[in-house]
Amino acid sequence: SIHLLYLLLVLMLLGACVPAASTPVAEPIAEPTTSTAADPDAFPVTIDHQFGSTTIEAEPQRVISLGYGDEDAILALEIQPIAVRHWFGAPENGVWPWGQAALGDAKPQILEMGFGELNFEQITLLQPDLIVAIGAGLAAEEYATLSKLAPVIVTPAGYNTQMPWQEQLRLVGQATGRTVRAETVISDVEAQIATVRTDHPEFEGKSVAIAEYLEPGSYYIFDADNVRYRVLNALGFVMPEAVQAMQRDSDFNGTISAERLDLLEADLLIWGVADTAQQQELEASPLYQNLQVVAKNHDLFFTYNEEPNLISAAHAYGTALSIPYLLENLVPEISAVLGSAPATAATNEDTCDAGFRYFDHALLATDPVCIPNQPERFTYLIYPSYIYALGVKPVAAWGLERDAENYPFIFINSRRGRVKLQVIPEPESTWDSPQAVFESALAHEQKVTVAINKLVQLARQEGDFATDSFLKWFVDEQVEEEEIVDDVLQKLKLIGDFKPGLYLLDQELAASAVSLAAAAAATPAV
295 SIHLLYLLLV
305 LMLLGACVPA
315 ASTPVAEPIA
325 EPTTSTAADP
335 DAFPVTIDHQ
345 FGSTTIEAEP
355 QRVISLGYGD
365 EDAILALEIQ
375 PIAVRHWFGA
385 PENGVWPWGQ
395 AALGDAKPQI
405 LEMGFGELNF
415 EQITLLQPDL
425 IVAIGAGLAA
435 EEYATLSKLA
445 PVIVTPAGYN
455 TQMPWQEQLR
465 LVGQATGRTV
475 RAETVISDVE
485 AQIATVRTDH
495 PEFEGKSVAI
505 AEYLEPGSYY
515 IFDADNVRYR
525 VLNALGFVMP
535 EAVQAMQRDS
545 DFNGTISAER
555 LDLLEADLLI
565 WGVADTAQQQ
575 ELEASPLYQN
585 LQVVAKNHDL
595 FFTYNEEPNL
605 ISAAHAYGTA
615 LSIPYLLENL
625 VPEISAVLGS
635 APATAATNED
645 TCDAGFRYFD
655 HALLATDPVC
665 IPNQPERFTY
675 LIYPSYIYAL
685 GVKPVAAWGL
695 ERDAENYPFI
705 FINSRRGRVK
715 LQVIPEPEST
725 WDSPQAVFES
735 ALAHEQKVTV
745 AINKLVQLAR
755 QEGDFATDSF
765 LKWFVDEQVE
775 EEEIVDDVLQ
785 KLKLIGDFKP
795 GLYLLDQELA
805 ASAVSLAAAA
815 AATPAV
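According to the working numbering, the sequence shown is numbered sequentially starting from 295.
Written out as structure tokens, the structure is:
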């Protein structure tokens, strides 16, 4: 027939410019279905993009989704695509649960094409009249080949493959003559976001770091343009300043080592991991355990290889269809971690129950609270020196708080003494060279050693053998502390300005960070 001859001619023309592809799947051609009429005056329409422009002469009837998340934009406009590219982790029919209602009974053909692997012959056999490839990351050559088959829409100039979901929806709406429907969906989703933000004032201004486990000791931090951040920004969260500063460095590629997990310090930390084994490995790391955000249990893990994996997938999609699902399922998880929103009625002297009193302070990190008139059972999460200095013995201590700095307080209290906290000078924070840093550190360690030796001498003069015995751990510790710093200092003196040597020393110090952290966790017998 003329139709078959046309297809053969197209395939012959493509043969000269298309790389070898797998055998096309001979499946029945899906029939298009739509439930929202296009604007009859919308065509022809020309859409500008990174590769030039695309003109669509009439309402598309056979739409293919090739980009990551593009199927959600198509379905949100009440168009059932004839084919959907299958992305990692997605259900067998290529559409996630949040898109199933919009998909209805339609059964689009599944395109098993990995990122950067397009089967042009299979696409040709589908006879598309519009190819949506906004999230496909097409190369110019791929776009040129596809545009011979049907009009293709890709990201406008200046956007990456993860353009804002609103702009993605508007772009598909323009191409399909459904701009009114697109704006309706956008308004509805934005209203849902606004409602959640109003209902959760505790999110406002809180910092959130979002990371992904790559391999042991290597992690990826998402940038501000990633859809994951866009959703949380809309809810009132901000990116940590340390991450912002790091991403302003043109050499930063998004990857950090275990030694720089401190960059993830935030009010909230969200992880994407393949499975619970990766989560357990990360949680066992002393460097990870030392993070304040972890100590406060403000970290969340979501897997993408194990059920339930939908929250991680919805967060990565960040589309008009996945965001409502995310609001319903991720927000409760975050709220449970950060704590519920404060009561609308402010705490005051009149709202405290009998036996409690109103407490407020300029340094209080929360709103004013009601506390018992006569507290009897204390515990702490941070700054234990303030507790011990008052002679108070907590009923429980933070499991990760094992710093040696606390033990003098505990010992003095046990000997019926009283600690007096005094102001100390602010330490130096700027140096001219790496060598100057360690010269300053060694001088400080030597100063500490002298102070401890004076305490030992005084204890012996007073015949206070209990204190003498207690200080022995600190005497031995200072020998090790000075040795560690001096060893690095001597190496720096040998290296001088030889930059490769500085790099190798930096790698050596990074490799020893875990063992040093473990050593720092050792505690004296008290």
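Idealized CB from N, CA, C, for every residue including glycine.
Within the same chain, show all residues whose beta-carbon is closer than 8 Å to that of residue i, passing over the 5 residues directly before and after it, in chain order.
{"i": "K787", "result": "Q729"}
{"i": "S634", "result": "With a pLDDT of 49 at S634, under the threshold of 50, the modelled position of that residue is not reliable, and the figure given next carries that caveat. Excluding residues within five positions, the ones whose Cβ falls inside 8 Å are E496."}
{"i": "F596", "result": "I564, W565, G566, V567, N603, I605, S606, H609"}
{"i": "A310", "result": "Confidence is the limiting factor: at A310 the pLDDT is only 39, short of 50, which leaves the residue's position unreliable and the question unanswerable from this model."}
{"i": "P618", "result": "W392, V483, Q486"}
{"i": "A760", "result": "R709"}
{"i": "L736", "result": "E776, V779, D780, L783"}
{"i": "V532", "result": "G499, K500, S501, V502"}
{"i": "W381", "result": "Y362, G388"}
{"i": "D569", "result": "T597, N599, E600"}
Between which two residues does the beta strand (DSSP E) carrying residue i extend?
{"i": "H343", "result": "339-343"}
{"i": "A507", "result": "The sequence shown places Tyr at residue 507, not Ala. First-last of the beta strand (DSSP E) with Y507: 502-509."}
{"i": "D800", "result": "Looking at the DSSP string, D800 is not in any beta strand (DSSP E); the run it does join, the alpha helix (DSSP H), is 793-805."}
{"i": "G566", "result": "562-567"}
{"i": "P666", "result": "663-666"}
{"i": "G346", "result": "346-350"}
{"i": "T489", "result": "Where T489 is concerned, there is no enclosing beta strand (DSSP E), although the alpha helix (DSSP H) it sits in stretches over 473-493."}
Should residue i go down as buried or exposed, given a rule of 16 or more other Cβ atoms within 10 Å for buried?
{"i": "L752", "result": "exposed"}
{"i": "R475", "result": "buried"}
{"i": "L307", "result": "Only weak support exists for where L307 lies, its pLDDT of 34 falling under 50; the value from the coordinates is given anyway. Its Cβ having fewer than 16 others within 10 Å, L307 is exposed."}
{"i": "A805", "result": "exposed"}
{"i": "I417", "result": "buried"}
{"i": "G452", "result": "exposed"}
{"i": "S763", "result": "exposed"}
{"i": "E406", "result": "exposed"}
{"i": "Y523", "result": "buried"}
{"i": "Y797", "result": "exposed"}
{"i": "E509", "result": "exposed"}
{"i": "G363", "result": "buried"}
{"i": "D561", "result": "buried"}
{"i": "D399", "result": "exposed"}
{"i": "T473", "result": "buried"}
{"i": "A396", "result": "buried"}
{"i": "V744", "result": "exposed"}
{"i": "I665", "result": "exposed"}
{"i": "W390", "result": "buried"}
{"i": "F792", "result": "exposed"}
{"i": "V717", "result": "exposed"}
{"i": "W725", "result": "exposed"}
{"i": "G693", "result": "Residue placement at G693 cannot be trusted, given a pLDDT of 49 that sits under 50; what the coordinates show is reported in the next sentence. Exposed is the call here."}
Run through the DSSP bridge pairs and tell me what residue i is partnered with.
{"i": "A377", "result": "I358, Q403"}
{"i": "S734", "result": "DSSP lists no partner for S734."}
{"i": "V446", "result": "I425"}
{"i": "S551", "result": "S512"}
Which residue marks the beginning of the alpha helix (DSSP H) containing residue i, and which one marks its end?
{"i": "R651", "result": "Per DSSP, R651 belongs to no alpha helix (DSSP H); it is in the beta strand (DSSP E), 650-653."}
{"i": "D593", "result": "Not the alpha helix (DSSP H): D593 falls in the beta strand (DSSP E), residues 593-597."}
{"i": "I718", "result": "Where I718 is concerned, there is no enclosing alpha helix (DSSP H), given that its DSSP letter is neither H nor E."}
{"i": "T455", "result": "Taken as a continuous stretch (DSSP letters only), T455 belongs to no alpha helix (DSSP H), as it is neither H nor E."}
{"i": "V389", "result": "From DSSP, V389 is part of no alpha helix (DSSP H); its letter is neither H nor E."}
{"i": "L576", "result": "570-577"}
{"i": "W767", "result": "759-789"}
{"i": "A336", "result": "Neither: A336 is in no alpha helix (DSSP H) and is coded neither H nor E."}
{"i": "D364", "result": "364-370"}
{"i": "S708", "result": "701-708"}
{"i": "A332", "result": "That residue, A332, is in no alpha helix (DSSP H); it is neither H nor E in DSSP."}
{"i": "E535", "result": "535-541"}
{"i": "P580", "result": "580-583"}
Taking 7 Å as the limit between beta carbons, can you name the residues of its chain near residue i, skipping five residues before and five after?
{"i": "D517", "result": "Q541, G548"}
{"i": "G471", "result": "A332, D333, A336, F337, E353"}
{"i": "I550", "result": "Y513, I515, L557"}
{"i": "I746", "result": "L765, F768, V769, Q772"}
{"i": "L463", "result": "A367, A370, A476, V479, I480, A614"}
{"i": "A444", "result": "P422, D423, L424, I425"}
Can you list, in chain order, the residues of its chain with a C-beta nearer than 6 Å to that of residue i? Leave out the 5 residues immediately preceding and following it.
{"i": "R651", "result": "N667"}
{"i": "L615", "result": "D366, A370, W392, G393"}
{"i": "S723", "result": "none"}
{"i": "L803", "result": "none"}
{"i": "G429", "result": "G361, Y362, G363, D364, T455"}
**beta strand (DSSP E) segments (min. 3 residues) lying fully within the region 396-444** = 403-405, 424-426, all fully within the region 396-444.
**Request:** Only counting runs of 4 or more residues, tell me where the alpha helix (DSSP H) segments fall wholly within the region 509-533, in order along the chain.
**Result:** Fully contained in the region 509-533 are the following alpha helix (DSSP H) runs of length 4 or more, in chain order: 521-528.
**Completely contained alpha helix (DSSP H) runs for the region 610-638, where each covers 4 or more residues** = If we require 4 residues or more, the alpha helix (DSSP H) runs fully inside the region 610-638 come out as 616-632.
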